[in-house]
Structure formats: structure tokens, C-alpha cells
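Colleague: Heads up: the sequence shown is residues -10 to 430, going by this note's numbering. The beta carbon of each residue, even a glycine, is placed where N, CA and C say it ideally should be. Have a look at the structure that comes next, please.
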Amino acid sequence: MNKKYLYIETFGCQMNVHDSEQMAVLLEPSGYTLTDDAQKADLILINGCSIREKAEQKAFSELGRLIRLKEKKPELIVGFAGCLAQHLGRKVYSRVRNVDLVFGTHNIHRLPEMISACEQERKKITQTNFSSKITSLNIFAPPLHGSISSFVSIMQGCDNYCAYCVVPYLRGPEMSRTPDDVIVEIQKLVESGIKEVTLLGQNVNSYGRKLQQECNFVSLIKKINDIDGLERIRFTTSHPRDLSDDLIDCFASVPKLCEHIHMAVQSGSDHILKQMNRGYTAEDFLEKVEKLRHVCPHISITSDIIVGFPGETQEDYQATIDLMEKIRFDLLFSFKYSARAGTAAQKLPDDVPTDEKNRRLKDLQALQNIHTQEKHTALEGSVQEVLVEGRSRNSEQDMMGRARSWKIVNFKGTPETIGQRINVEITRGYLHSLRGKIKEN
Ligand code: SAH
Ligand code: SF4
Ligand code: F3S
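In C-alpha cells form, the structure reads like this:
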């Protein structure tokens, strides 16, 4: 079989990143090897995100750039995938005519057949139908050579229908994988050298709700904790409404579970939270944070916030700022509201002017930078357990890894430390990372 090259460009969340890894694995038997040089590629896949208008624009501008490679290489196959393909279906062709293949989030496992049909028949293929099974999730993606950490999808889809969010329409209803499938996958990953897994789901807290057998997220975590050779467990993301006391207790009682939680608050205004259909108040959120910090005082808490949701007044925005001041997140991902087709909020007037959204976002990010810097400075002098992932991007002599809190730590070291958990004394806290030195025992 001829050696062929595959170039994948991924946008969006960790789920899309994981899907791209699975696409690469699935295409190996068809003779495709991953390349990071698009010029060399025989097949280009763009795995797009549709969460906000801007994400959509970015994917299309990349598609526009990459499709031009067909001018010099007419046999090049270009596919458009993921949440954005799911969202647009055939409409992709009216925006970019030359695309060969459009497939959605439930059709990844069919990729080898689709590519073979593209290669042989050179006709356009569109597959964006939903499946009632979770075939795609059960594809095993062996880790890339030398990887220490891996994603593991434990569920697909979302049933929450937050008013602003398009994900339930793109990834379908919530479905959980069986605990056995999850455990077997992690055991295989550990055999291939993986030390840390991040369990993925749009709302991992509701894991197992629709399974035949009795297993909730807490019992799944406890089972995973018993896997020999696995050293760390992370998960993302948690819906605040469904964060149980039992799960909070795991941060103290499950040794491999890292002390970090990503839990999107979205807004600090009860009126806006209600409009968003989030199912909790700012006070409820604060209470969960207090419980988490009571059980696990050093837990790192990260979150998402949307500014400029329809009807957000200056007072609503101020309530978000006040909540941020009370909580002081370790890190925040913040976004300007963007109306998405088919969502409940799309019917509401998008009435916060763009300039005002920009101002709110800028001020909120400036405040968060202060909080993040404070947290990082406070860690100076502390000793952190770091799982070493590889060389640092900043310097040849430096290695990088993550502390249990998910914070990036750079330190002087050698590649022999890759894959090890070592103690590092933090010497300097920067905004985006920590610097430290290996602590000799
Ligand atoms: N399931 C995750 C969120 C996935 S989407 C959770 O609930 O935690 C990631 C983030 O994108 C959301 O938390 C939200 O802050 C943001 N987001 C989603 N839809 C958006 C929209 N229409 N406009 C702006 N931001 C949005
Ligand atoms: Fe979107 Fe809400 Fe589901 Fe998260 S929980 S994916 S924000 S609908
Ligand atoms: Fe993720 Fe974007 Fe889809 S955030 S779930 S890739 S719409």
C-alpha cells in the first residue's frame, strides 16, 4: 500500500481534539500517516467547532486557505468534520464548493469507508445523521508515542439545553459508555505508557444516569482509581447543579484524583442564570465552592463565563464581577455571547451592543488576570508534585509538566524525568505558568 499523508486541523474543545486523535487512528489501516505539513497531505480534515460565531469563522478561513492546495494537487481530498459539519451539513458545499466530504460527530467510525469511496468514486459524501449507539466513542486511540496523558470519553452528547448552547444539537442526547468499556480502555492506555487520564463529557456528573447497570460517576472514579499503573485522574466538565457531596468527597478520599475542578458558572446574576436555564443560583454555586474548599483546601477551581447574554444589564454584569471577587478562580475562560441557530436564546434580542460586550469582557479578563497572578504568586516556596510531560516550549534546558492543580510548571531538568512524578519547589509564579526547581529529597 502506498504511504499517504493525513493533515488534521482541529478547533474547539478537548472533545474535538480527542475525536481528531480517533480519526487519525482509524485511517492508519488505510495507509494514512499523520503529518504536520499540509503541503504534503493527500487528505486534509478540518474538525470544526460551532460553539460561537467566531469559532465557525476561524474554521472556514482555514478551510478556504487549505482548499487552495487542490489547485496544485487535484487528487487531494478535503473533508470537513465535527460539530461545525454537524451543524451545517450540506450547507458547507454552498460556502466552499470543492469540499469532498462532510461528516458529523456521530459518523467518525465510518471514516475509512467514506475515504475509500472518495478515493475511488470522487463524488461528494455527506454523513451527518445521528446514531442511537455510541460506536464512535468506543474507537480505541492508542496514545501518540511518548505521551503521558490521554483523554478518555466516558459519555457523549448533552441533555441540558442551556439556552445559549448549541452542543445538544450537535452531539445529540446524553449517552454514557459502560464502566467496563471505560476501564478496559484505560487499562490499555496504561499498558501503552499513559500515567494520567482526563475523563471527558459535557457533564460528567450525570455519568451513568441512563445506563442499564447501576454505576454513577463517583463509583466509576473509584473503579478507575484501582487500575494498577495509572497515577492520576482528571475530569472535565462538571455542571454545578449536578455536583454531588459524594463527588466533592472524592477530592479528599480518592488518592489518584487530582485537586482541580473545571465548573462553568457562566454568570453571577440569578436573573441571567435563570434565563440561561442553568438550574442554580449564584448562592448555590458559592456554596458548592465552599464545600469543595472545605473538603480540599488547595483545590484549584477554573470556570467559564459568558458576558453580554441577552438582557444582561450593568447590574447583572456587576453581580458576575462580585461573584468572581468572592470566589477568586484559578483560571477563567471568558466569552462574548454569540447567538447560535436553533437555541432558545436565539429568540431573545441580542441587545447588548458589541462595544459594551467588548468592554465587559476586557474588564473581566483584567480582573481575572489579577486573581490568577495572586494565586500563582502565593504558590512561590511551595512544593508541587509534577508529572513531567516533555521538554518546555520556552527553553531547550527546561522540562515541563503539570502540577496536580493543572498548572503548568517549567523547571531545569533532563528528558529522563519524562513520565515521572517529581517534587518541584516553586520559585516564581507567572501569569500563565509556574517556574520551579527539582526538590532533592
Ligand atoms: N459542557 C460544558 C460547556 C461546553 S461549551 C459545560 O457546561 O461546562 C464551553 C463554553 O463555551 C461554555 O461553558 C460557555 O461558557 C461557552 N459558550 C457556549 N455557548 C456559547 C455562546 N452561544 N456564546 C458564547 N459562549 C458560549
Ligand atoms: Fe452546553 Fe449546557 Fe450542555 Fe454544557 S451543559 S454542553 S453549556 S447545554
Ligand atoms: Fe466542543 Fe465546539 Fe463541539 S466546544 S462540543 S467542538 S461545538
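Could you give the uninterrupted runs of the beta strand (DSSP E) lying entirely in the segment 270 to 336, keeping only those of 3 residues or more?
Modeller: Here the runs fully enclosed are 289 to 296, 320 to 325.
Colleague: In this structure, how does DSSP classify Phe249 when only helix, strand and coil are distinguished?
Modeller: It should be noted that the sequence gives His, not Phe, for residue 249. Correct three-state label for His249: strand.
Colleague: Taking 7 Å as the cut-off, does the CB of Asn149 come closer than this to any heavy atom belonging to ligand 2?
Modeller: True, at least one ligand heavy atom lies under 7 Å from that Cβ.
Colleague: Quick check: Gly300 and Leu337, are their CB atoms within less than 8 Å of each other?
Modeller: In contact: Gly300 and Leu337 (Cβ atoms closer than 8 Å).
Colleague: Please give me, in chain order, every unbroken run of the alpha helix (DSSP H) with length at least 4 that falls completely inside the segment 31 to 85.
Modeller: Correct list: 42 to 56, 71 to 77, 80 to 84.
Colleague: From Val413, Tyr306, Asp234, pick the residue whose C-alpha is nearest to that of Arg282; which is it?
Modeller: For the residues Val413, Tyr306, Asp234, the minimum Cα distance to Arg282 belongs to Asp234.
Colleague: Let me confirm a value: Ala70 is counted as buried when at least 16 other C-beta atoms fall within 10 Å, else exposed. Which label applies?
Modeller: Buried, since its Cβ has 16 or more Cβ neighbours within 10 Å.
Colleague: Measuring alpha carbon to alpha carbon, tell me which residue in Lys199, Glu248, Ala328 is nearest Arg223.
Modeller: Of Lys199, Glu248, Ala328, the residue nearest in Cα terms is Glu248.
Colleague: For Arg79, count neighbouring Cβ atoms within 10 angstroms of its own Cβ and tell me buried if that reaches 16, exposed if not.
Modeller: Exposed, since its Cβ has fewer than 16 Cβ neighbours within 10 Å.
Colleague: Let's see if you can read the secondary structure: which residues bound the alpha helix (DSSP H) around Tyr(-4)?
Modeller: Note, Tyr(-4): premise wrong, no alpha helix (DSSP H); beta strand (DSSP E) at -7 to -1.
Colleague: Is the separation between the beta-carbon of Lys43 and that of Ser327 shorter than 8 Å?
Modeller: Yes, these two residues count as a Cβ contact at 8 Å.
Colleague: To the nearest angstrom, report how far apart Val398 and Val186 are at their CA atoms.
Modeller: Between Val398 and Val186, the C-alpha separation is close to 18 Å.
Colleague: Could you tell me whether any non-hydrogen atom of ligand 1 is closer than 7 Å to the CB of Phe92?
Modeller: Result no, Cβ not under 7 Å from ligand 1.
Colleague: Rounded to a whole number of angstroms, what is the C-alpha to C-alpha distance between Arg57 and Asn36?
Modeller: Cα-Cα distance, rounded: 18 Å.
Colleague: Would you say Arg160 lies against chain C (beta-carbon separation less than 8 Å)?
Modeller: The structure shown contains no chain C; it is built from a single protein chain.
Colleague: Give me, in chain order, the residues of the same chain whose beta-carbon lies closer than 7 Å to that of Gly390; leave out the 5 immediate sequence neighbours on both sides.
Modeller: Taken in chain order, the residues that qualify are Val375, Leu376, Val377, Glu378, Val398.
Colleague: Is the beta carbon of Glu174 less than 8 Å from the beta carbon of Val207?
Modeller: Not in contact: Glu174 and Val207 (Cβ atoms no closer than 8 Å).
Colleague: Closest to Gln264 by C-alpha separation, out of Gly218, Tyr150, Asp169, would be which residue?
Modeller: Of the listed residues, the one whose Cα sits closest to Gln264 is Tyr150.
Colleague: Using the Cα positions of Arg417 and Lys177, report the straight-line distance between them to the nearest angstrom.
Modeller: Approximately 38 Å between the Cα atoms of the pair.
Colleague: So Leu209 and Val171 are supposed to be a Cβ contact under 8 Å. How far apart are they, rounded?
Modeller: With a Cβ gap of about 7 Å, Leu209 and Val171 count as contacting.
Colleague: With DSSP as the reference, identify every bridge partner of Met389, one or two as the case may be.
Modeller: Note: Met389 sits in a beta bridge opposite Gly379, Asn399.
Colleague: Would you mind stating whether Val296 and Arg349 have Cβ atoms separated by less than 8 Å?
Modeller: Going by C-beta atoms, Val296 is nearer than 8 Å to Arg349.
Colleague: Between Pro63 and ligand 2, is the CB less than 7 Å from at least one heavy atom?
Modeller: Answer for Pro63: no, Cβ out of range of ligand 2.
Colleague: Is Leu34 a contact residue of ligand 3, with contact defined as CB to any heavy atom under 7 Å?
Modeller: No, ligand 3 has no heavy atom inside 7 Å of this Cβ.
Colleague: Just reading off the beta strand (DSSP E) that Leu159 is part of, what are its end residues?
Modeller: Per DSSP, Leu159 belongs to no beta strand (DSSP E); it is in the alpha helix (DSSP H), 156 to 160.
Colleague: Going by Cα to Cα distance, which pick from Glu429, Thr332, Arg382 is closest to Ile40?
Modeller: Of the listed residues, the one whose Cα sits closest to Ile40 is Thr332.
Colleague: Pull the bridge partners of Gln116 from the DSSP assignment, please.
Modeller: According to DSSP, Gln116 bridges with Phe92.
Colleague: Per the DSSP calculation, Ile222 is bridged to which residue(s)?
Modeller: In DSSP, Ile222 forms a bridge with Val186, Leu246.
Colleague: Relative to the alpha-carbon of Ser256, which residue among Leu236, Lys325, Leu232 has its alpha-carbon at the smallest distance?
Modeller: Nearest option by C-alpha distance: Lys325.
Colleague: Check the DSSP bridge columns for Arg417 and list the partner residues they point to.
Modeller: According to DSSP, which records beta bridges pairwise, Arg417 is partnered with Arg424.
Colleague: With respect to the beta strand (DSSP E) encompassing Val141, which residues constitute its N-terminal and C-terminal limits?
Modeller: First-last of the beta strand (DSSP E) with Val141: 138 to 142.
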